[in-house]
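Working notes for the structure below.
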Amino acid sequence: MFYTYIIYSKALDNYYIGSCQDVEKRLQDHLNSRSSYTKVTKDWELKYYETFPTRSEACKRELQIKKMKSRKYIETLIKTKG
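Quick note on this note's numbering: the sequence shown kicks off at 6 and runs consecutively.
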């Protein structure tokens, strides 16, 4: 399985969208400064994820969410999933 995920930092009041094969491992990477964009803070929380059978589908969904360029859209996704 592959995942598209959204994490949130309260300190930055910012969302990060990504895709991966192991969500928990990837979150730990973000928390342990293994990502240049997210290493600024260590309070990232997993807020949302979707599963896909292929990496290609997960990447397409990641790009689709990013192209929306809308915080409101991201927060709506999180609310409807939770």
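For every residue, glycine included, the Cβ atom is placed at its ideal position computed from N, Cα and C. It should be emphasised that the depicted structure is a prediction, and the values quoted were computed from it without experimental measurement.
Next item on the list: Identify which residue in Cys64, Ser41 and Glu50 has its Cα closest to the Cα of Lys15.
Entry: As a first step, residue 15 is located in the sequence shown; it is residue number 10 there, counting from the start. For the residues Cys64, Ser41 and Glu50, the minimum Cα distance to Lys15 belongs to Glu50.
Next item on the list: In the DSSP assignment, find the unbroken alpha helix (DSSP H) run with Leu32 in it and report its ends.
Entry: Residue numbering aside, residue 32 sits at position 27 when the sequence shown is read from its first letter. Unbroken alpha helix (DSSP H) run through Leu32: Val28 to Leu36.
Next item on the list: Sort Thr46, Thr9, Asn19 and Leu17 by Cα distance to Arg31 and report the nearest one.
Entry: One-based indexing of the sequence shown puts residue 31 at position 26. Of Thr46, Thr9, Asn19 and Leu17, the residue nearest in Cα terms is Thr9.
Check: Touching or not, the stretch 57-67 and the stretch 24-39, by the rule of three or more beta carbon pairs under 8 Å?
Finding: Judged by Cβ distances under 8 Å, the stretch 57-67 makes contact with the stretch 24-39, as three or more pairs qualify.
Note to self: What residue range does the alpha helix (DSSP H) around Lys52 cover?
What the structure shows: The sequence position of residue 52 within the sequence shown is 47, counting from 1. No alpha helix (DSSP H) holds Lys52; the beta strand (DSSP E) holding it covers Trp49 to Phe57.
Margin query: Going by DSSP, what residue range makes up the beta strand (DSSP E) through Thr9?
Written below: Residue mapping note: residue 9 aligns to position 4 of the sequence shown, counting from 1. Its beta strand (DSSP E) spans residues Phe7 to Ser14.
Check: His35: which of Ser75, Tyr78 and Ile12 sits nearest, CA to CA?
Finding: Counting from 1 along the sequence shown, the entry for residue 35 is found at position 30. Measuring C-alpha to C-alpha distances from His35 to each of Ser75, Tyr78 and Ile12 identifies Ile12 as the nearest.
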